[in-house]
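Here the structure comes first, spelled out in structure tokens, and everything after it is commentary.
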Amino acid sequence: CRLHNQYGPTESHVVTALELPADPSTWAALPSIGRPIDHCRIHVLDARGRTAPLGVAGEIHIGGIGVARGYLHRPELTAERFVTDPFSTDPAARLYRTGDIGRWRADGEIDCLGRNDHQVKVRGHRVELGEIEGALLTHPAVSEAAVLARHDGGGDARLVAYVTTQPGTESGADGLRAHLAALLPPYMVPAVFVALATLPRSPNGKIDRRALPAPLAARPELGEPFEEGRTDTERRVCAAFERVLGLERAGRADNFFDLGGDSLRVLKVLAELQAASPRRLSTNLFFQDPTPAAIARSIDGENQAAPIAPSAERARFDAEAAAQEPIALVGMAGRFPGADDVEAFWANLRDGRESIRFFDDAELDAGVSAALRADPDYVRARGVIEGADRFDAAFFGINPKEATLMDPQQRVFLEICWECLERAGYAPDRQQRPVGVFAGMHNATYFQRHVAPRADLIDAVGEFTVMLGNEKDYVATRVAHRLNLTGPAISLNTACSTSLVAMAQAFAALRSGQCDMALAGGVAITCPPHSGYLHQEGAMLSPDGHTRSFDARAQGTVFGDGAGVVLMKRLSDAQADGDTIYAVLRGIGVNNDGGTKASFTAPSIDGQAAVVSMALASAGVDARSISYVEAHGTATPMGDPVEVAALSRAYARHTADSGFCAIGSVKSNVGHLLMAAGAAGVIKTALALHEERLPATLHYESANPAIDFEGTPFHVNAHLADWPRRDGAPRRAGVSSFGVGGTNAHVILEEAPLAQPTEPVAGPRLLTLSARTPEALAAMRARLADHLEAHPGSNLGDVAHTLRVGRKAFARRLAVVADGVAETIEVLRDPASPYAIAGATAARVHEPVLLFPGQGAQYAGMGRTLYVHDEIFRAALDEACDAFAGELAFDLRERLFSDDAAALAPTAVTQPATFALEYALARRALHLGLRPAAMIGHSVGEFAAAVIAGVMSLADAARLVARRGALMQALPAGRMLSVRLAAERLAPYLAVAAADGVSLAAENGPSACVAAGPAAGIEALQARLEADGIATRPLQTSHAFHSAMMDAAVAPFEALVRGVTLNAPHRHIVSTLTGRMLSAAEATDPAYWARHLREAVRFSGAIRTAQAEFAQPLFIELGPRATLATLARQHAGRDGAPVAVSLLADTPAMELVAFQLGLGRLWTLGVEVDLDSLDGRDRKARLRLPTYPFERKRHWVDIAA
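In the numbering used here, the protein residues as written are 5 to 1205.
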């Protein structure tokens, strides 16, 4: 088909036209209204009647021959809508004010954005309803959309969206809300979504907004299923939500803001709750966890904060020792010209590569004027970082519109701070210790050149928000807020010395105990990025785009963009925490030149010499021990000689030797990075210390004639050179950075102390990866494989440790179990590997329900491998086996670990062995931090649950289990038959078989039962069932457990139970005798435990009870094989089959792999488990591993050509 879109109001005629091509798949979701037709003019004017710039919204005005004269007999309305045409030479010409909002596009077409009477105020923000409608129409399921600002009984306006959907598609409120949240600020996301079959129309075919129905008071469709309040307080909070939000119902887990709430309605709910609560309530309740369940806990006093106590990490701080302690650099990150990360930066330095970009005419940004391009003194050169226009806004929770107007310096610095913490092995936003941020950024040229001309974009977000995103004051606090860092956050600026001064401040803060770690650095991005500069004779900028530090041909520097940050930590803490230490900061110096120099911008020999001497004194080292200086090195005819003279004067106080110290400048590689210059120098020098090589200073041929190097301690390092130690002393270097205005900084770096290698690990390791999206997770998987291929000698235990403690856990997760680096790479590369488990955390927290199997699941050698490799499991199993020592004539471990299956066959052995293994697995699970909501034990498995729940002691349970097994073994032999049939359908068959002594022994699932009785009776039952086509399977057992054949053991066993102390359970147990929650009366009744060995096992009923009792049960089998997990999955509930995980395999060889895969599966589901406790080594190292793969999108305001 071919579509013609024509625009024109009644007051004129069709004035624009657009023809859409034949293929509808190529049409935009919201097409333009096209171009003006012949003899018609369109003007887009702002509120003052001026022509709106390209792409900027304004009111559409129509001129030309089609405009009507006015309204009949309505002179006032005519005067308002038909105005004088300022663009026509005809004094009688008029423009018609359409009331429609539009904007010109670069292709000459016009976008119609909606009506100006559709512009409303919501919570203080001006909102264009047409913009929301346009965003809704980009959703593939939406065919039509209309948005209104409706007023509820309280007079507050809230946005209501009405949509119709494409046939065969579905999109609930949750999907639409998420779609809009990625495109619009939060205040523009409607509170309510109403789906209609059609939108009402006026006679002329337009949407009749007055006829749109008031939204129903039904609860919105949320990701969480509805749950009624469980307590009186929860129900009271739910009722308050319902009244204030006008809802039919609100659930205990419903987020107030997802229900349509906002900050004004928070106050109304709070007032209602306060009237019925003696406790003073705060709005903070709604900004932590705004659900009735969480708010109710706070009202009831269950969420009261504990008194603040020093953490273990803070407790070890020694103020006196710290005041003199060196500071370790444990992490570094940056983006530099020609290098997206520190590794690429080092490669460029090592290879002697200059990273300055030289632009041709096509590469220059549109903001570079034609006059500049034509100027012979315009130098088309600059150090550029790639992708400054791109940012992963969603990752940092920043609205796309806000991100687009945010200075790229804040965005880039935020990213590299995240990367720096990850590179050091610390999870950003999860630090319990105070972490400081000290940083500065360059001028806000993005705002000046790109954002300021776009008043329409600023209005959409708000001037205050735009200011926060562009001023220098907020670069450090932005990081602290987004990464949840609680140390000092100080944004500073000392011009070119900013980032080195930031490190000096961090140094002081660490020594004084203000923080335990500190990020320090700077960023500079000048806009437009692809631009050069105007060379002026005698100024500081190079005439040809090259920086020739210390060279006779030096005529100045070239500015570049860059960002660098280091993570600093007290040396003793870094060593204790297994950090990778790149270098040690031993001393700092910061001062100002004062006024005794040539000018405000001129360098000072006195000031620079003093700051170098200050740093040497702070470090407590002799200048003769310094073998390299990373100089400021701007390559200006005056600056370089002054710097060398100042260094020489400072060093002369220590030594008269000459030529012993190399000097260089990173500016010869990347240019002058302004506020990031000091960080670049420190990172270069730290890498050189770490790699034991000195990169070349480029372009050096002969010395600046004003510098007599032969009479100084210095020589220019013009070639890549090894960096040997001198007289066995550690390598040391100085780094300088001097700011315009006279603030100077100098630091002394020393090579890191030799790190002791960590103990290698044996056996498989569990590695964990996570990301926000499946695509990012796939990228992380590939990156880790690449990294391990490049570092085949990596200690896999340290890799696993770093991934666990040094990465934030996101919703999309991957758990990998492998033995050795090569096997890990293989698993990572294989998307179908059974040793890689991918998953996503559930919207609702899983409630673990532990399953303890009974007799019959055992296998030869069970627990043996886990016993060897896991210290916690070993101790617990030893405890259990020792408890049986007085009851058994053999060491239970010998029978457990034997390869002979017959060793475990007797009931008197099987039951104690099963119990001991399950007890040890349960203790291991609890040690991992697993907090069960309930436990279910199948037959003898309930004794393990009883011990964990405190019903009986381990010693008493061991005695009972041993004697229970002996009693049952002493009874006559019998048979058991597994039947694929529901209990109610099996019942008629059992009624007939009862005469043969056969009865129901277990109801394990919806179609899984077990019958037990004498051999003849079981054979007869099996024949009848199979004749009717019902599947059966004889079980390999010696006795007919849970049948009348156990009657003789009941009374003796009850007498035994009466001899032990029984307690009410302190954890929930779902009884497999009754299929219901075990009561205190039952748990403490010896008759209950006696009936337990005789009556049928109601495992299926117990599973159903757990499903009814807990909103999201997660079944975890703690025993051999996966028998109960398999049975549990057969009990489909409202959300399908339940999730069930087993922690052991069916052979000793696979135990460790199965155990770690099971734990990995729990982790991928979002269960909190302390996986790092799997690593029992005393010393572990944090390694540099690949960082998060940001999914950057373009967030940029282009300058009009």
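By construction, the Cβ of each residue, glycine as well, lies at the ideal position given by its N, Cα and C atoms.
Remember, predicted model here, so these are calculated numbers, not experimental data.
Fill in: Cβ shell of A1068 (< 7 angstroms), same chain only, five flanking positions each side left out
A1084, A1087 and T1088
Item to complete: Spell out whether any CB of chain D is found under 8 angstroms from the CB atom of L781.
Response: Going by chain labels, chain D is absent from the structure shown, which holds only one protein chain.
Discussion item. Taking 8 angstroms as the limit between beta carbons, can you name the residues of its chain near P1038, skipping five residues before and five after?
Written reply: R979, M980, L981, S982, I1022 and Q1026
Item to complete: Answer with buried or exposed for K125, where buried requires no fewer than 16 other C-beta atoms within 10 angstroms of its C-beta.
Response: exposed
Worksheet entry | Extent of the continuous alpha helix (DSSP H) run through L1029 | A1019 to A1031
Discussion item. Can you tell me whether I952 is helix, strand or coil according to DSSP?
Written reply: helix
Discussion item. Assuming contact is defined by CB atoms lying nearer than 8 angstroms, are D1176 and H931 in contact in what I supplied?
Written reply: no
Worksheet item: T498 to F1194, Cα distance in whole Å?
Response: 31 angstroms
Discussion item. My output table needs one value for A529: the three-state DSSP class, helix, strand or coil.
Written reply: The residue asked about is misnamed: residue 529 is Ile in this sequence, not Ala. Coil, per DSSP.
Discussion item. Less than 8 angstroms between the beta carbons of M544 and T449, yes or no?
Written reply: no
Discussion item. Since L487 and P432 should fall inside the 8 angstroms C-beta cutoff, what is the C-beta to C-beta distance between them, to a whole number of angstroms?
Written reply: 5 angstroms
Practice prompt. Kindly indicate which residue of A656, I687 and L758 has the alpha-carbon position closest to the one of F718.
Written response: A656
Discussion item. Per the DSSP calculation, I667 is bridged to which residue(s)?
Written reply: V633 and V720
Worksheet entry | Alpha carbon of G473 to alpha carbon of D1202, nearest angstrom | 17 angstroms
Worksheet item: Where A215 and P204 are concerned, what is the direct C-alpha to C-alpha distance, given to the nearest angstrom?
Response: 6 angstroms
Worksheet item: Considering only residues of the same chain and omitting the five flanking positions on each side of E390, which have a CB-CB separation below 7 angstroms?
Response: D344
Worksheet entry | Per DSSP, the bridge partner or partners of L771 | V820
Fill in: Buried or exposed by the 16-neighbour rule on C-beta atoms within 10 Å, applied to I1120
buried
Worksheet item: Which class does F451 belong to by DSSP, given the choice of helix, strand or coil?
Response: helix
Discussion item. Here's a check: name, in chain order, each residue in its chain whose Cβ is nearer than 6 angstroms to the Cβ of V410, leaving out the five neighbours to either side.
Written reply: Here residue 410 turns out to be Met, not Val, going by the sequence shown. So the list reads G473, once near-sequence residues are dropped.
Worksheet item: Nearest CA to the CA of F340: which residue from A949, L368, S535 and G387?
Response: G387
Worksheet entry | Residues that DSSP places opposite G67 in a beta bridge | R45
Worksheet item: CB S69 to CB H43, shorter than 8 angstroms?
Response: Correcting the residue type first, residue 69 is Ile in the shown sequence and not Ser. For I69 and H43, yes; Cβs fall inside 8 angstroms.
Worksheet entry | Same chain only: Cβ atoms within 7 angstroms of A3, ignoring 5 sequence neighbours per side | The chain is shown from 5 up to 1205; residue 3 falls before or after that span and cannot be answered.
Worksheet item: Taking Cβ to Cβ, would you say Q915 is nearer than 8 angstroms to R968?
Response: yes
Worksheet item: According to DSSP, is G624 helix, strand or coil?
Response: coil
Fill in: Neighbour-count burial assignment, G158, 16 or more Cβ in a 10 Å radius
Residue confidence is low: G158 scores 49 on pLDDT, short of 50, so the model does not pin down where it sits. Its coordinate-derived value is still stated next. Under this definition G158 is an exposed residue.
Fill in: Three-state class that DSSP yields for L7 in the structure shown
strand
Worksheet item: Roughly how many whole angstroms lie between the Cα atoms of V872 and D293?
Response: 44 angstroms
Worksheet entry | From T55, E423 and F742, residue whose alpha carbon lies closest to that of P90 | T55
Worksheet item: What does a CB cutoff of less than 6 angstroms around L99 pick up in its chain, not counting 5 residues either side in sequence?
Response: H65, G67, V87 and D89
Item to complete: Specify, as a first and last residue, the run of the beta strand (DSSP E) that E132 falls within.
Response: H129 to E132
Fill in: Residue environment, W108, which counts as buried when at least 16 other CB atoms sit within 10 Å
buried
Practice prompt. Return the CA-CA distance between A309 and S302, expressed in angstroms with no decimal places.
Written response: Because the pLDDT at A309 is just 44, under 50, the model does not fix this residue reliably, and the value given afterwards should be weighed accordingly. C-alpha separation (whole angstroms): 10 angstroms.
Fill in: Buried versus exposed call for Q328 [16 or more other C-beta atoms within 10 Å across all chains shown]
exposed
Worksheet entry | Cα-Cα separation between V1101 and L1128, rounded to whole angstroms | 13 angstroms
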